[in-house]
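Visitor: Questions regarding the structure given below will be posed in turn.
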Amino acid sequence: MVRRLPWLVLVGLLVVLAGLALRPREGPVAGKAPAGRLPTAPSFILDTLDGGKLDLAQLRGKPVVLNFWASWCAPCRSEMPVLVRSWQHHREAVHFVGVNVLDDPDEARRFVRELRIPFRSVHDPNGDTLRWFRVLGLPTTVFVSRQGGMAGVHAGPFLGPEGERALERAVREVLAR
Numbered sequence: 232m233v234r235r236l237p238w239l240v241l242v243g244l245l246v247v248l249a250g251l252a253l254r255p256r257e258g259p260v261a262g263k264a265p266a267g268r269l270p271t272a273p274s275f276i277l278d279t280l281d282g283g284k285l286d287l288a289q290l291r292g293k294p295v296v297l298n299f300w301a302s303w304c305a306p307c308r309s310e311m312p313v314l315v316r317s318w319q320h321h322r323e324a325v326h327f328v329g330v331n332v333l334d335d336p337d338e339a340r341r342f343v344r345e346l347r348i349p350f351r352s353v354h355d356p357n358g359d360t361l362r363w364f365r366v367l368g369l370p371t372t373v374f375v376s377r378q379g380g381m382a383g384v385h386a387g388p389f390l391g392p393e394g395e396r397a398l399e400r401a402v403r404e405v406l407a408r
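In the working numbering, each residue's number is its place in the sequence shown (first place is 1) plus 231.
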């Protein structure tokens, strides 16, 4: 038992650190950018899951909600109905884009079909976008202004009525920029 104690302490410490790293940040839009000039969102051109291409720079003119997800991510699956409802409400004014990362494309397409995700999703098999947008865990949602600036980031899932309200506030904030 004494030999196992250091390992148990190490495993416990790793679990605590992982929990701290993956927990949602404070507030509905953590890291919300201050008013004024926003840092520019990284640009990308990626394949969509339906066989096309999507160029983030081409979406300027309307705000963009980028949701980073994977088919193997249980919280991503849980939050998706909240995102779909928000898309239904804001689809004329805001682009919603799913960013599928580190995933098998067939599994990702199955996820989209099963959850009836109506907005476009791009596929990033190597997770490059995670680094470009400094995403530390899934799901993460990034809000991009109509001019292409980084307006805010929400780490963790939008769940239940509180999550819907937080997402609605974040979308309204990015629409106001």
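Virtual Cβ for every residue (Gly too), placed ideally from N, Cα, C. Only a predicted model underlies this, so the values are computations on that prediction, with no experimental measurement involved.
Does DSSP put Ala-382 in a helix, a strand or coil?
Guide: strand
Visitor: Could you tell me the distance, in whole angstroms, from the CA atom of Thr-371 to the CA atom of Gly-283?
Guide: Distance between the alpha carbons of Thr-371 and Gly-283: 23 Å.
Visitor: Quick check: what's the CA-CA separation for Ala-339 versus Ala-301?
Guide: 7 Å
Visitor: What are the partner residues of Lys-284, as DSSP defines its beta bridges?
Guide: Asp-278
Visitor: Among the residues of its own chain, which have a CB less than 6 Å from the CB of Phe-327, if the five just before and after it don't count?
Guide: Cβ within range, chain order: Val-296, Trp-318 and Phe-350.
Visitor: Do Gly-387 and Phe-374 have their CB atoms nearer than 8 Å?
Guide: no
Visitor: Three or more beta-carbon pairs under 8 Å between the region 300-316 and the region 329-337, yes or no?
Guide: yes
Visitor: Out of curiosity, what's the CA-to-CA distance linking Glu-399 and Asn-357?
Guide: For Glu-399 and Asn-357, the distance between alpha carbons rounds to 31 Å.
Visitor: Return helix, strand or coil for Arg-403, following the three-state DSSP convention.
Guide: helix
Visitor: By alpha-carbon positions, which one of Phe-342, His-385, Ser-376 and Glu-310 ends up nearest to Val-325?
Guide: Ser-376
Visitor: Count the other C-beta atoms from every protein chain shown that fall within 10 angstroms of the C-beta of Glu-310, then say buried if there are 16 or more, exposed otherwise.
Guide: buried
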